[in-house]
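First the structure, in the form of structure tokens, and then the observations on it.
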Amino acid sequence: MEKVNKIKSNKTKSPRKRIKTYSLSIDPCEFYISEANPATENKKPFTIYYDNPEHSIRLLNGDCIEVLNQARENSVDMIFADPPYFLSNGGITCHAGKMVSVNKGKWDKSRGVEENHKFTLEWLKACQRVLKPNGTIWVSGTTHIIYSVGFAMQELGAVSV
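Its first residue numbered 11, the sequence shown is counted upward by one per residue in the working numbering.
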């Protein structure tokens, strides 16, 4: 019979590390051109969907390219994009046991592979302009568009292979 060495654990709970908190001296949501700016007067291409200055979060709802074109260069830390999948084609699918339309709206209708890719390049270029050098972009997609997104990022030099 082999002798098994028992190791006594001297583990003690380590004190929890204190999390550093930071505050910003500027409005964290000031990345877009102010409504008071004469260049954008009467031109508000978005609505504020959610605003939480305490946590530096502001979600805007509008045409992404118009909104991003008003934003300052290198002013955004993170972008979460959920672009059109271009699936609206008059068809139907089964969802939760019911037949439902796949039409999301005109914005989701394919205009052909080349036009869809041009649109992807356009919104990614707008994102690239406003994203900080160490910023992050997250893109949600399906196999219908994600390869176009990856290729467009390579074309813009945003991704190295």
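Even glycine gets a Cβ: it sits at the ideal position worked out from N, Cα and C.
What you are looking at is a predicted structure, and each value in this text was computed from that prediction instead of being measured.
Comparing alpha carbon positions, the residue from Asp-87, Phe-90 and Ile-155 closest to His-127 is Ile-155. As the crow flies, the alpha-carbon of Ile-75 is around 8 Å from that of Glu-132. As a beta-bridge residue in DSSP terms, Trp-148 pairs with Phe-90. DSSP places Phe-56 in the uninterrupted beta strand (DSSP E) bounded by 56-62.
If you look at His-105, you'll find it isn't in any alpha helix (DSSP H); it sits in the beta strand (DSSP E) that goes 102-105.
Looking at the DSSP output, Lys-108 bridges to His-105.
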